[in-house]
């Protein structure tokens with residue numbers, strides 16, 4: 003069901019309306035009246051004849067009309083009956099304010115679950131429970147318990163916390179910031195973030211969206227909606243609970259997600275995360291008043307180097323870039339600044355700088371091509387009065403013809419003396435901050451947001467995929483291991499010498515590893531392997547072998563192996579007398595000279611499913627602080643971002659070496675790990691510790707894998723749906739051309755561009771209803787980087803070509819409620835009449851049938867006889883409107 007009723011209400015029933023001050027039913031009625039709502043207000047209460055001068059009704063059944071929305075200001079134990087009454091009446095949306103809905107109602111369900119079941123059966127949507135309400139300022143609609151109203155604006159806010167709602171509202175009013183919508187979803191048991199994001203991403207009143215998140219219920223739905231919305235709306239996320247995410251040492255036993263996994267998910271969706279309300283306010287100040295950042299080069303103009311150095315420290319800590327001034331720019335500054343200025347960025351105007359000197363310097367920097375953003379800093383000064391200087395700076399910026407190309411931020415330090423100046427900047431839409439640190443943090447929000455958006459749009463390069471035969475062998479091997487598990491829900495931890503068999507099937511680089519049961523057997527194995535060797539303890543009861551020096555390296559002969567093996571066993575029995583000792587692994591020594599060791603781990607997050615972690619590792623690896631993570635599936639671009647992120651955050655620290663780490667090879671290895679995780683749901687955990695990197699060589703030195711039985715659809719455990727290999731199909735066209743029909747991939751961008759170049763302008767006009775020029779990277783990325791969970795594009799690839807040669811595309815976009823799928827087809831203009839159009843259309847129809855979509859619809863021009871004829875043959879209903887120049891096609895599937 004569409005959320006139009008929630009966002010465009012013409013009537014509202016207030017259930018539990020009250021005359022008693024400070025009661026929810028009283029506050030909601032007053033807010034509706036004081037907000038100037040022009041729709042029908044229907045108070046419901048059995049004891050009152052009127053509330054605030056409005057006729058009151060005893061029950062839902064007595065209402066003279068069916069309200070669009072009902073807001074329940076009642077105790078939780080009354081709400082099952084009330085929801086049932088609203089369902090019978092045909093109300094489409096109910097907002098529930100009660101927080102006491104988690105108590106049992108019957109043997110199997112809570113009050114909340116019972117209400118939700120009734121609502122779903124009736125086609126009614128529920129906002130809440132534990133909702134503060136809904137505010138729609140453009141419609142003067144304030145159906146909330148908030149003590150503060152809000153102004154109309156271009157910012158939308160969605161929150162799980164009522165307390166955060168009122169805090170944000172209070173701050174926004176102080177800053178004169180308005181909202182397009184203000185939604186408190188509470189528990190989000192029905193209407194959740196994804197539903198609201200889907201609606202607001204198409205709302206003309208909304209330019210940016212703020213989210214306050216306690217937790218995510220459905221990771222795939224959330225990320226799917228967020229990725230779609232963030233392509234055309236700026237989205238900020240404030241996520242609480244950064245340091246209360248459960249056990250750090252044994253995260254697989256925790257019921258709460260890793261915070262860094264939330265970080266990764268938010269970044270993957272192209273959104274920006276902020277860490278606290280202060281950062282949120284700063285980010286809103288910046289993003290709502292800024293043009294999209296064109297680059298990361300920051301220039302600073304200041305009248306004091308002390309504050310500028312504070313800004314530089316923050317910039318360096320957050321990985322920012324300071325602009326380098328060109329010789330021409332320095333020459334221009336020489337004309338207007340004292341001779342002793344430092345001739346570098348930050349541009350120090352001197353403690354005696356006047357407002358005129360500020361304006362001259364600003365004009366110099368805006369005239370240059372050296373910068374992308376400018377931070378203007380001012381410390382209290384007798385020669386440059388704060389308010390007057392701010393006024394003249396504003397006039398200078400507004401008068402400069404190039405000013406709108408740059409992001410301009412200001413920092414007027416001080417309290418009483420600078421308050422009026424900061425207010426002047428705010429009124430003119432120029433972001434302003436009290437401290438150097440907060441100004442730079444705000445700039446870095448722009449940088450991080452830009453990076454996340456680039457990641458969302460970057461075209462990946464290809465990497466080798468596993469063949470069906472390889473994966474079948476891996477599944478067969480895993481099935482054999484799982485068959486030995488004693489319990490249906492049991493698990494087993496496989497050590498290196500066993501994992502080596504699996505890794506061999508999957509072409510992962512390992513060192514040969516053998517298991518010995520005593521020192522003499524270790525010597526025999528070492529003699530066969532060849533010296534030097536490593537000997538390591540194998541015990542499922544000792545997590546960190548280093549605790550008892552259970553790893554002995556570079557053993558050069560039989561005597562050293564014997565001594566090392568016996569000492570490991572002796573230390574183990576002394577320190578851990580009850581530990582199970584399964585033996586000693588004997589391994590050929592890797593060529594570690596010049597190499598570097600890292601750790602790669604896969605864990606199953608309770609919210610987002612499998613996640614890949616990388617870091618320096620070690621026996622005391624704190625994965626929350628010393629790792630970065632990414633959600634599969636990974637491609638080469640995403641893997642490279644993961645590595646660069648780890649380097650920037652210091653969780654990977656590569657030393658200078660003649661054999662520099664080949665980052666492309668490491669990215670390729672991570673992509674393989676991702677492919678294994680996606681294809682093998684039986685792998686519950688994977689821990690490679692360490693992974694040796696030596697130039698182009700990558701070697702797994704030690705590893706363990708935890709396997710468990712897995713029932714159900716393997717892809718359902720993944721937060722992001724991977725490429726659907728099962729939809730690939732090979733077929734032959736009428737002219738005997740062999741074609742691979744498959745879903746589109748992000749890597750197809752250059753091939754898609756070549757395909758469009760082989761379509762005539764006339765055919766493109768029929769497809770896009772306008773003259774289209776050359777498609778840029780962003781447009782092509784939107785075509786090729788699709789969300790397989792909510793849209794699909796099938797490409798027909800000529801298999802007779804050495805490189806992928808796309809000759810046709812069919813595309814379908816399904817509405818979030820699965821009620822309609824809009825399709826489009828485009829075929830190379832020189833390859834028509836080959837039967838490809840029917841093939842692509844049938845592929846789309848079969849796809850929509852498998853999703854149980856209710857109908858397929860499309861639009862073309864009346865002159866496109868080929869498309870209309872094909873549609874008619876396939877059972878579409880046609881509605882040709884010659885006056886409007888459009889022809890609608892609809893195929894009902896239900």
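Residue numbers (this note's numbering): 3 to 896. For glycine and all other residues, C-beta sits at the position ideal for the given N, C-alpha and C. No experiment lies behind these values; they were computed from the predicted model shown.
Counting only residues of its own chain and dropping the five nearest sequence neighbours on each side, residue 590 has a CB closer than 7 Å to the CB of 513, 514, 531, 532, 535.
Secondary structure at residue 746: coil, using DSSP grouped into helix, strand and coil. Taking residue 393 as the centre and dropping the five residues before and after it, the same chain places the C-beta of 426 closer than 7 Å to its C-beta, in chain order. Cα atoms of residue 499 and residue 609: separation of roughly 32 Å, rounded to the nearest angstrom.
Contact check between the segment 630-650 and the segment 667-674: three or more CB pairs, one atom from each, fall below 8 Å, which counts as touching. A check of alpha carbon separations from residue 588 across 703, 397, 365 identifies 703 as the nearest. Beyond the five residues adjoining it in sequence on each side, residue 355 comes within less than 6 Å, by CB distance, of 305, 386 in the same chain, given in chain order.
With a cutoff of 8 Å on beta-carbon distance, residue 91 and residue 68 are scored as near each other. Taking 8 Å as the cut-off, the Cβ atoms of residue 128 and residue 192 count as close. By alpha-carbon distance to residue 262, the top candidate from 522, 889, 890, 633 is 633. By a beta-carbon distance limit of 8 Å, residue 808 does not contact residue 816. Their separation comes to about 22 Å. Judged by DSSP in its simplified three-state form, residue 462 adopts coil rather than helix or strand. Distance from the CA of residue 120 to the CA of residue 132, rounded to the nearest whole angstrom, comes to 18 Å. Taking the C-beta atoms as reference points, residue 153 is found no nearer than 8 Å to residue 125.
A direct Cα-Cα distance of roughly 49 Å separates residue 622 from residue 150. Within the same chain, and ignoring the five residues on either side of residue 163 in sequence, the residues whose Cβ sits closer than 7 Å to its Cβ are 214, 216. Ranking 353, 381, 336 by CA distance to the CA of residue 367 puts 336 first. A direct Cα-Cα distance of roughly 55 Å separates residue 697 from residue 171. Spatial neighbours of residue 442 in its own chain (CB-CB distance under 6 Å, excluding positions within 5 residues in sequence) are listed in chain order as 313, 316, 317.
Each of 822, 838, 789, 821 was checked against the Cα of residue 797, and the nearest Cα belongs to 838. Runs of the beta strand (DSSP E) lying entirely within the segment 397-433 and spanning at least 3 residues, in chain order: 409-414. Residue 772 and residue 766 have their C-alpha atoms spaced approximately 8 Å apart.
Distance from residue 617 to residue 604 at the Cβ level is roughly 13 Å; contact not present, criterion being Cβ atoms closer than 8 Å.
With contacts defined by Cβ atoms closer than 8 Å, residue 363 and residue 388 do not form a contacting pair.
Counting along the chain, no alpha helix (DSSP H) covers residue 891; the unbroken beta strand (DSSP E) around it starts and ends at 888-894. In the DSSP secondary-structure assignment, residue 239 is bridged to 213, 275. As DSSP reads the structure, residue 471 sits in no beta bridge.
Pairing residue 734 with residue 802 gives a Cβ-Cβ distance that is not under 8 Å. The segment 124-156 contains, as complete beta strand (DSSP E) runs of 3+ residues, the segments 127-129, 135-138, 143-146 (chain order).
Here DSSP, grouped into helix, strand and coil, assigns residue 788 to coil. Nearest Cα to residue 653 within the set 761, 602, 716, 707: 602. Taking residue 374 as the centre and dropping the five residues before and after it, the same chain places the C-beta of 295, 296, 297, 298, 299, 300, 325, 408, 409 closer than 8 Å to its C-beta, in chain order. Straight across, the Cα-Cα distance linking residue 835 with residue 825 is about 20 Å. Under the DSSP definition of a beta bridge, residue 599 partners with 694. In this structure residue 862 is not in contact with residue 763, their Cβ atoms being roughly 16 Å apart against a cut-off of 8 Å. Secondary structure at residue 286: helix, using DSSP grouped into helix, strand and coil.
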